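Notes follow once the structure below has been shown.
Numbering (the numbering used here), first residue to last: 754 to 1390.
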């Protein structure tokens, strides 16, 4: 008969988390690194008490905002290539609801994180408790039901013994590369503190094996035949290739067969920028080199990609008269996209099988790959030197802003700094192994096109959900993952205002991050979107009621928190600030006043957005007709 151990549900949870290990390629290590918390009613007396009593090896970090700390947990797992996680716990009601957005971010990016929202009473004795919703249609519905749509696995624990099967299922989902994503277990607050005689063996060390699935011989044989039949195949490197750690295999296949590599936002820095056949980001945020190569392709080999609209330019990036698709993906559903030939398997293991079978095969690209790369480097160097001229409108500055408005911004923000010159100056100045991170606004475009990642896994763009407010929280998560490296959060003023709570957490725990704040006084990306599609600038600029451009002192905000802050309105000031920030041991913020409309623009790409079909504005009617013309070249499946 199994020996019993009496524990509360919360104690059992913490004891179990300490015993979960992952085994990858002969290496074994704890899967759960720690737990973020914001305590309140519903978790402070259950999970909080259990952690205070015995947290084991778990690192316990106090978050400042439930969404922020969950984003940090997501970023940590992403930077650790999904091989380690943090759990997150919050109080019942709005505390837990605050985690929903970040849980959706994890879901969209296929990132495992254990979400532990506190729930109402299983007994219902004191109902309705503080912050409880009352649904007339059901007494069983709580705030936490909203997590169902954004979780790979969801459960509600209302009895102590239910915890066991729930945890086993959650960890199976989180450690399976094909289903990786957030697992949500809602625990009723009275259940958290309720004791039960658990089987002691449930808390034995449990190893979860990350096995590399190899495709069938049929899949490999036909994949080889399709590649050999093609003249100009192009490999799209997705996030699945990065998580599989397929760098060496991608480079070997590319060099042997002269196949160009292009990158999705999640796949970038799987292979560093210095690799000769790496043409950079593809799609709406892509380089002209990558997008030209994709347009020439007769076979697209998608490796670990979900084919989001930004990767595919809303399905207009490809020449469907000549192009077919071959998808390598651990997830069978993703492998089916674009009606492709499906190879279901781990990226690294699959490439190891394909490479010897393609011996002697060469594409027809010849010197085209190096020519395309050289062309892009010329354009990137041009963007490095784009300067603002007060006297003459620069045609390279995008959008419909005329000279008068640009001069107004230059005067209001006391700057002549352009976004692309500032961005590339950062890339040129920081240490090569620095981790650069972004998520929303116009900065992902500059990140994907312009950031040269010289070291693998140093590029971190959350663009599956493109969640504003992820950046600073994410930087904390990345720093926890790699404390020996500098981390730079690229954030616009709009995203900074959305959420920067975990800057304080970084200061509290001595985890230095560097916030690179691009301030153009508005939601510049969306202002571009409306103006590029025929609208006037409307409600996206930060202006006062008397139409004055706002000039907010963000550096003073950071100084108030205790960070080291800098201000830069020229490239020279920016470089000096970065160099001094390198010497600091606490978190820093560099406030850059940058002019709107000076970010990089799309290259041979298009994004399908909802342009109004009926308008009195001729510019909008023209934009609608342009979108309809582009749709003629697009697929719908």
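Glycine included, each C-beta is placed from N, C-alpha and C at the ideal position. Just so it is clear, the structure is predicted and the values come from calculations on it, not from any experiment.
C-beta contact flag for residue i and residue j at 8 Å
i, j, result
"residue 1194", "residue 1245", "yes"
"residue 894", "residue 885", "no"
"residue 818", "residue 851", "yes"
"residue 1019", "residue 1217", "yes"
"residue 987", "residue 1050", "yes"
"residue 1316", "residue 1340", "yes"
"residue 917", "residue 860", "no"
"residue 910", "residue 944", "yes"
"residue 1040", "residue 1140", "no"
"residue 978", "residue 1100", "no"
"residue 831", "residue 784", "no"
"residue 762", "residue 913", "yes"
"residue 769", "residue 775", "no"
"residue 1188", "residue 1231", "yes"
"residue 1078", "residue 1013", "no"
Option in the options with minimal Cα separation from residue i
i, options, result
"residue 1359", "789, 827, 1047, 1069", "1069"
"residue 1061", "1076, 1017, 1089", "1017"
"residue 1267", "903, 1026, 954, 1190", "1190"
"residue 809", "773, 944, 890", "773"
"residue 904", "1138, 892, 939, 890", "939"
"residue 1319", "833, 1334, 1172", "1334"
"residue 1271", "1262, 1261, 1308, 985", "1308"
"residue 965", "1250, 981, 1207, 929", "929"
"residue 1314", "1253, 1278, 1300", "1253"
"residue 1134", "855, 1176, 1379", "1176"
"residue 1324", "1173, 1236, 1306", "1173"
"residue 1108", "1010, 1361, 1046, 1035", "1010"
"residue 1213", "1236, 1241, 1222", "1241"
"residue 779", "947, 962, 803", "962"
Cβ distance (whole Å) where residue i is taken to contact residue j below 8 Å
i, j, result
"residue 1055", "residue 1043", "No, residue 1055 and residue 1043 are not in contact; Cβ-Cβ is about 14 Å, not under 8 Å."
"residue 949", "residue 923", "About 18 Å; that fails the 8 Å criterion."
"residue 788", "residue 841", "7 Å"
"residue 1346", "residue 1167", "7 Å"
"residue 1238", "residue 1186", "5 Å"
"residue 967", "residue 1093", "Actually they do not touch by this definition, with Cβ atoms about 19 Å apart."
"residue 1274", "residue 1265", "About 28 Å separates the two Cβ atoms, so there is no contact after all."
"residue 823", "residue 1220", "In fact, because the Cβ distance is near 11 Å, the residues do not count as touching under 8 Å."
"residue 994", "residue 1023", "5 Å"
Buried/exposed call for residue i, threshold 16 Cβ in 10 Å
i, result
"residue 866", "buried"
"residue 876", "exposed"
"residue 883", "exposed"
"residue 1388", "exposed"
"residue 1002", "buried"
"residue 1351", "buried"
"residue 759", "exposed"
"residue 1157", "exposed"
"residue 1373", "buried"
"residue 1008", "exposed"
"residue 1197", "buried"
Residue(s) in a DSSP beta bridge with residue i
i, result
"residue 789", "814, 841"
"residue 1129", "Paired residue(s): none; residue 1129 is not in a bridge."
"residue 1095", "1080"
"residue 950", "759"
"residue 773", "959"
"residue 1057", "DSSP output for residue 1057 lists no bridge partner at all."
"residue 1213", "1190"
"residue 1294", "1275"
"residue 921", "DSSP, once it has assigned bridges, lists no residue as partnering residue 921."
"residue 888", "891"
"residue 1264", "Its beta-bridge partners do not exist; DSSP assigns none."
"residue 1208", "DSSP output for residue 1208 lists no bridge partner at all."
"residue 780", "777"
"residue 939", "909"
Residue i CB to nearest heavy atom of the ligand SAH below 7 Å
i, result
"residue 1220", "Because no ligand of any kind appears in the structure shown, any question about the ligand SAH cannot be addressed here."
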